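Worksheet: the structure to be examined is printed underneath.
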Amino acid sequence: MRPRYYCDHCNKGNGSPSAMRRHERGCTANPQRICGMCSMLAREGGPEPAPPLPILLDTLDAEGFKAMCELANNCPACILSALRTKNFKGDAETPGGVLGPEDGRESWSYTKAKADWWADWNSAQAEREYPY
Ligand SMILES: [Zn+2]
Ligand SMILES: [Zn+2]
């Protein structure tokens, strides 16, 4: 039997300790997370990484979902980590069960947001590679 390693923050398991450490660092259930998507963008000259989770949560509560998304540079992983604290149901990737006003958070989809993010990333990447 191969050993399994489990994330301290969610229930995800992996057979490799290094892959699990990588996951834990950016896990959207980890309050101290370092966002892999944000740092990837920043490395390519994109916007500064989204502020830490407590600031995103303050903005979500004080100014609403849209303001929080803007502050997070629309980073799906950062938005997910904020919404997750609002009692997301199930695997946290399906909308429903988000506490608070229905200001967009209730219909937001991580799967869709992530697909959009990658589409943006790919088109920006193409511009970087072929500037003319
Ligand atoms: Zn995790
Ligand atoms: Zn992020």
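Taken in order, the sequence shown gives residues -10 to 121; the numbers are from the numbering used here. Ideal Cβ placement from N, Cα and C applies to all residues, glycine included. What you are looking at is a predicted structure, and each value in this text was computed from that prediction instead of being measured.
When P65, A113, A115 and D109 are compared, the shortest CA-CA separation from R94 is found for P65. The Cβ-Cβ distance between L46 and T17 does not fall below 8 Å.
Just measuring C-alpha positions, the residue of E116, S7 and A113 sitting nearest P(-8) is S7. Under the rule that a run must span 4 or more residues, the alpha helix (DSSP H) segments found entirely inside the segment 19 to 43 read 25 to 32.
Shortest gap from the CB of A104 to any heavy atom of ligand 1: 7 Å or more. In the three-state DSSP reduction, N3 falls in the strand class (E or B). Taking a cut-off of 8 Å on C-beta distances, the segment 21 to 39 touches the segment 50 to 62, as three or more cross pairs fall below it. In this structure, the beta-carbon distance from A39 to C67 falls below 8 Å.
When only Cα atoms are considered, A71 and P20 end up about 9 Å apart. Secondary structure of Y(-6) (DSSP, three-state): strand. By the neighbour-count criterion, in which a residue is buried when 16 or more other Cβ atoms sit within 10 angstroms of its Cβ, Y99 is buried.
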